[in-house]
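In our numbering, the protein residues as written are 1 to 65.
All C-beta atoms in this analysis are idealised placements derived from N, C-alpha and C, irrespective of residue type, glycine included.
Keep in mind that this is a model prediction, so the values were computed, not measured.
Everything below concerns the one structure shown next.
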Amino acid sequence: MTTNKMSATEAILKLAELVAKDNVTDFMEYLEQNRTKIHNGVVGDSYLTEKLNSILMSALDKFVG
Numbered sequence: 001m002t003t004n005k006m007s008a009t010e011a012i013l014k015l016a017e018l019v020a021k022d023n024v025t026d027f028m029e030y031l032e033q034n035r036t037k038i039h040n041g042v043v044g045d046s047y048l049t050e051k052l053n054s055i056l057m058s059a060l061d062k063f064v065g
């Protein structure tokens, strides 16, 4: 696994953790700070893309809906 994939995976898991904790402020800050790292890691990786999409949908349901 490349460094980009590893750091993106860690960032995605951290996002999932923040959603589970119902912490919208920290979620938004973390997403903003790590968006490039996440983007670069998921490009071309369908598994990470699906995982990220799932987390983002959960965040929308929890924080907006």
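Item to complete: Note the first and the last residue of the continuous alpha helix (DSSP H) segment covering residue 5.
Response: 3 to 20
Worksheet item: So, helix, strand or coil for residue 61, using DSSP?
Response: helix
Discussion item. Check whether chain B comes within 8 Å of residue 33, counting only Cβ atoms and requiring the distance to be less than that.
Written reply: Looking at the structure shown, chain B is missing, and only one protein chain is on hand.
Worksheet item: Does DSSP put residue 40 in a helix, a strand or coil?
Response: helix
Worksheet item: Buried or exposed: which applies to residue 20, given that a residue is buried once 16 or more other Cβ atoms fall within 10 Å of its Cβ?
Response: exposed
Discussion item. Taking the alpha-carbon of residue 35 as reference, which of 63, 8 and 64 has the nearest alpha-carbon?
Written reply: 8
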